[in-house]
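S.K.: Quick one: this structure, given as C-alpha cells, is what I'll be asking you about.
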Amino acid sequence: MELSICSYSFHRLLADGKQDMFKYITDCKELGCTQLDPWNAHFAGVPDAETFKKGCSGPDLSVQLSAREIEYLDSVKAAAEAVRLPFGCIAVDGAHIYEPTPEARKANRAFAGHWLEIAGKLGAKQVRIDCGGSAEMPLPSQDGRLSARHGDSPETPADMFNIIVEGYKDLIKRAGQKKLEVLIENHWAASIIPEKLVKILDAVPGLVQLFDTNNWAEGMKQKGWEMCAKYARATHVKTFSFDKDGNEPSVDIPGAIRILVNSGYKGCWGVESCPEDGDEYAGVRKTFELIKRVVGK
Numbered sequence: 001m002e003l004s005i006c007s008y009s010f011h012r013l014l015a016d017g018k019q020d021m022f023k024y025i026t027d028c029k030e031l032g033c034t035q036l037d038p039w040n041a042h043f044a045g046v047p048d049a050e051t052f053k054k055g056c057s058g059p060d061l062s063v064q065l066s067a068r069e070i071e072y073l074d075s076v077k078a079a080a081e082a083v084r085l086p087f088g089c090i091a092v093d094g095a096h097i098y099e100p101t102p103e104a105r106k107a108n109r110a111f112a113g114h115w116l117e118i119a120g121k122l123g124a125k126q127v128r129i130d131c132g133g134s135a136e137m138p139l140p141s142q143d144g145r146l147s148a149r150h151g152d153s154p155e156t157p158a159d160m161f162n163i164i165v166e167g168y169k170d171l172i173k174r175a176g177q178k179k180l181e182v183l184i185e186n187h188w189a190a191s192i193i194p195e196k197l198v199k200i201l202d203a204v205p206g207l208v209q210l211f212d213t214n215n216w217a218e219g220m221k222q223k224g225w226e227m228c229a230k231y232a233r234a235t236h237v238k239t240f241s242f243d244k245d246g247n248e249p250s251v252d253i254p255g256a257i258r259i260l261v262n263s264g265y266k267g268c269w270g271v272e273s274c275p276e277d278g279d280e281y282a283g284v285r286k287t288f289e290l291i292k293r294v295v296g297k
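Quick note, the sequence shown lines up with residues 1 to 297 if you use full-length UniProt numbering.
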C-alpha cells in the first residue's frame with residue numbers, strides 16, 4: 001500500500017520550529033510513507049507567495065530558480081534520496097488561478113510557474129494548484145455559454161469559469177513539459193461545490209483531482225464523494241479526532257474510502273490530519289491505521 005502525509009499535517013510543529021523540511025522527510029520515513037507530499041510552506045529556502053509577488057510589479061515575471069533556491073532544493077532532494085522517498089504531490093498555496101484583476105492573476109500565474117520549476121527539479125509527480133474564484137461562480141449552460149445576467153466584464157463572476165479553465169489549460173501545457181500532473185483540490189471557493197468542480201474538471205483535458213474527504217460545502221460531502229471520486233489521482237484523508245475504536249466520529253472515512261476504491265482509485269493514500277488535541281504525530285499514525293483497516297477489507 002502506498003502512503004503519504006501532506007506536510008500541512010505538521011503545520012503546528014512547523015510553526016513552533018520543531019519541524020522543517022528535512023525533519024519532515026525523516027519523519028515520513030519513520031512513519032512508513034512511500035512518498036513525500038509537502039505543502040509549499042515547508043520549503044524555507046523558497047520565497048513564500050507574498051515575497052515572490054512583491055517582485056511581480058514589472059513586465060518580467062521570471063519563474064526561473066535563483067542560485068540560492070537551487071542550492072537549497074539540491075539539499076532537499078539529497079535528503080529525500082538518502083531515505084529513498086520520491087516526491088509525490090506538492091500542495092501549493094498562493095498560486096490559485098482566479099483573481100479579480102489581470103495584474104493579480106498574472107502574479108499568481110508566475111508563482112504557479114515558479115512552483116512547476118521547483119516540482120520539476122525535485123522530480124515530483126504532481127502539483128496542486130487551487131482554482132480560486134468563489135462558490136457563487138456561474139456555470140455554463142448546456143450550449144457552453146455563460147449567462148449574461150452577471151454582465152460581460154472580466155471582473156464579474158460570469159467570467160470566473162472561463163478564466164479558471166484557460167488558466168489550468170496553460171499550466172497543464174507547461175507542466176506536461178516536465179512530466180508533471182496538475183491537480184485541483186476541493187479546497188475552497190468554487191471547488192467545494194461538487195457540480196462546479198466537475199464542470200471545471202470536464203472542461204480541462206488532463207486536469208485531475210486531489211480528493212479531500214472533508215472540504216465540501218455544508219451538506220454536500222456525500223454528493224462530493226460520489227460525483228468526484230472518479231477524478232481522484234491523489235487524496236487528503238482528513239481526520240480530526242478518534243474514538244476508542246480508532247474511528248473518526250465526525251466523518252465517515254470508511255465510506256469515503258470505499259467510494260474511492262469502487263471508483264477505481266489505485267493511487268497513494270495521502271493523509272492530511274488536523275488533530276483537535278494537537279498531537280500531530282498521533283493523528284497521522286491513527287489515520288494510517290484507519291486507512292489500512294478499511295482498504296484491507
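All residues carry an ideal CB built from backbone N, CA and C; glycine is no exception.
(1) Counting pairs of beta carbons, one from the region 155-173 and one from the region 71-89, are three or more of them closer than 8 Å?
(2) How many angstroms separate the CA atom of R12 from the CA atom of A41?
(3) Would you kindly work out how many angstroms separate the C-alpha atoms of W39 and V92, rounded to a whole number?
(4) Keeping to the same chain, check which residues put their C-beta closer than 8 Å to that of E54; ignore five residues upstream and five downstream.
(5) For D130, which residues from the same chain have a beta carbon less than 6 Å from its beta carbon, with the 5 sequence-adjacent residues on both sides left out?
(6) Quick one: Cα of G90 to Cα of R258, how far?
(7) The beta strand (DSSP E) that contains I118, what's its start and end?
(8) Closest to M1 by CA distance: which of Q35, K238 and A189 is it?
(9) Short check: CB of P194 to CB of M227, under 7 Å?
(10) Between the C-alpha atoms of A140 and Q177, what's the straight-line distance to the nearest angstrom?
(11) What is the rounded straight-line gap between the Cα of E106 and the Cα of A158?
(12) Helix or strand or just coil, what does DSSP make of Q222?
(13) Using the Cα positions of G113 and Q126, report the straight-line distance between them to the nearest angstrom.
(14) Could you compute how far the alpha carbon of S134 sits from the alpha carbon of T51?
(15) Taking all protein chains shown into account, do 16 or more other C-beta atoms lie within 10 angstroms of the C-beta of P275, making it buried, or fewer, making it exposed?
(16) My output table needs one value for F288: the three-state DSSP class, helix, strand or coil.
(17) Consult DSSP for V63 and reduce its assignment to one of helix, strand or coil.
M.R.: In short:
(1) In short, these stretches do not touch, since the Cβ pair count stays below three.
(2) Taking the sequence shown and counting its residues from 1, one reaches residue 12 at position 12. Taking the sequence shown and counting its residues from 1, one reaches residue 41 at position 41. R12 and A41: Cα-Cα distance of roughly 12 Å.
(3) Sequence index remark: in the sequence shown, residue 39 carries index 39 (1-based). Sequence index remark: in the sequence shown, residue 92 carries index 92 (1-based). Straight-line Cα distance between these residues: approximately 6 Å.
(4) As a working note, residue 54 is residue 54 in the sequence shown. First, the residue type needs correcting, since residue 54 is Lys and not Glu in the sequence shown. Here the set comprises nothing.
(5) As a first step, residue 130 is located in the sequence shown; it is residue number 130 there, counting from the start. Excluding sequence neighbours, D130 sits near H96 and H187.
(6) On the sequence shown, residue 90 is found 90 positions in, with the first residue counted as 1. On the sequence shown, residue 258 is found 258 positions in, with the first residue counted as 1. Note on residue identity: the sequence assigns Ile, not Gly, to residue 90. Straight-line Cα distance between these residues: approximately 25 Å.
(7) Here residue 118 corresponds to residue number 118 of the sequence shown, with the count starting at 1. Note, I118: premise wrong, no beta strand (DSSP E); alpha helix (DSSP H) at P102 to L122.
(8) The sequence position of residue 1 within the sequence shown is 1, counting from 1. Nearest of Q35, K238 and A189 to M1, Cα basis: Q35.
(9) For the purposes of this step, residue 194 is taken as the residue at position 194 of the sequence shown. For the purposes of this step, residue 227 is taken as the residue at position 227 of the sequence shown. In this structure, M227 lies closer than 7 Å to P194 by Cβ.
(10) For the purposes of this step, residue 140 is identified with residue 140 of the sequence shown, where counting begins at 1. For the purposes of this step, residue 177 is identified with residue 177 of the sequence shown, where counting begins at 1. Before going on, a small fix: residue 140 reads as Pro here, not Ala. Going by the C-alpha atoms only, they are around 30 Å apart.
(11) Here the question's residue 106 lines up with position 106 in the sequence shown. Here the question's residue 158 lines up with position 158 in the sequence shown. Per the sequence presented here, residue 106 reads as Lys, with Glu not at that position. Using only the alpha carbons, I get a separation of about 19 Å.
(12) The residue given as residue 222 occupies position 222 in the sequence shown. It is helical.
(13) By one-based count along the sequence shown, residue 113 stands at place 113. By one-based count along the sequence shown, residue 126 stands at place 126. Straight-line Cα distance between these residues: approximately 13 Å.
(14) Numbered from 1 along the sequence shown, position 134 holds the residue referred to as residue 134. Numbered from 1 along the sequence shown, position 51 holds the residue referred to as residue 51. Computed Cα separation, rounded: 25 Å.
(15) Translated into positions along the sequence shown, residue 275 becomes position 275. When all chains shown are included, P275 counts as buried.
(16) Residue numbering aside, residue 288 sits at position 288 when the sequence shown is read from its first letter. The answer is helix: DSSP assigns F288 an H, G or I state.
(17) Translated into the one-based positions of the sequence shown, residue 63 becomes position 63. Residue state, collapsed to three classes: coil.
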